[in-house]
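Report on the following structure.
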Amino acid sequence: MSLSSRLVGTWGLISYTVAEDSGEIHFPLGRDATGFLMYSPDGYMSAQMMAQKRPLYSSGDIHSGTAQEMAEAANGYLAYSGPYYVDEDTQAVTHMMTVSLLPNWIGQMQSRVLKVDHERLIMSSVARLSSGRVGLPRIEWRRAQPNSAS
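Residue numbers (the working numbering): 5 to 154.
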């Protein structure tokens with residue numbers, strides 16, 4: 005079965021870590037981060053990850069939080085989507101970031117090396133600057149169960 009066909013579907017976040025050269029592991033969105041990664045058969049993807057327990061906007065208005073509330077909401081969330089391209093030879097996927105919470109990522113192509121079996125997907129990439137530290141990101145996903153409404 006091809007890597008492309010094994011990727012298609014919805015994946016739930018198990019963990020998102022960044023390993024530093026010192027060996028220290030940190031969790032940019034917390035140890036209990038949650039999220040989904042979706043790959044469609046027509047070549048598009050969406051990644052959404054967030055910290056648990058982000059503070060609510062005191063106003064209740066989704067577009068009128070305080071500057072601090074909005075900054076904390078964005079700081080605890082990572083999201084992007086766009087086309088994806090699979091390289092079967094290198095067992096990697098490249099995401100073209102057409103839409104992103106992070107403006108610096110829009111238009112970027114980012115590759116992820118994959119290890120995938122039926123139920124688990126592990127992604128790693130080149131070292132990146134995260135929370136003021138350079139480290140190697142590693143994201144582990146579990147294939148999501150079908151929605152009971154489908």
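Idealized CB from N, CA, C, for every residue including glycine.
- 7 Å or more divides the Cβ of residue 98 from the Cβ of residue 85.
- Around the beta carbon of residue 60, fewer than 16 other beta carbons sit within 10 angstroms, so the residue counts as exposed.
- Bridge pairing for residue 122: absent [DSSP].
- With contacts defined by Cβ atoms closer than 7 Å, residue 43 and residue 87 do not form a contacting pair.
- At a cut-off of 3 residues, the continuous stretches assigned as beta strand (DSSP E) that sit fully inside the stretch 12 to 65 are 13 to 23, 38 to 43, 48 to 54.
- Just so you know, the alpha carbons of residue 14 and residue 50 end up roughly 10 Å apart.
- Closest option to residue 79, judged by alpha-carbon separation, among 149, 93, 41, 37: 37.
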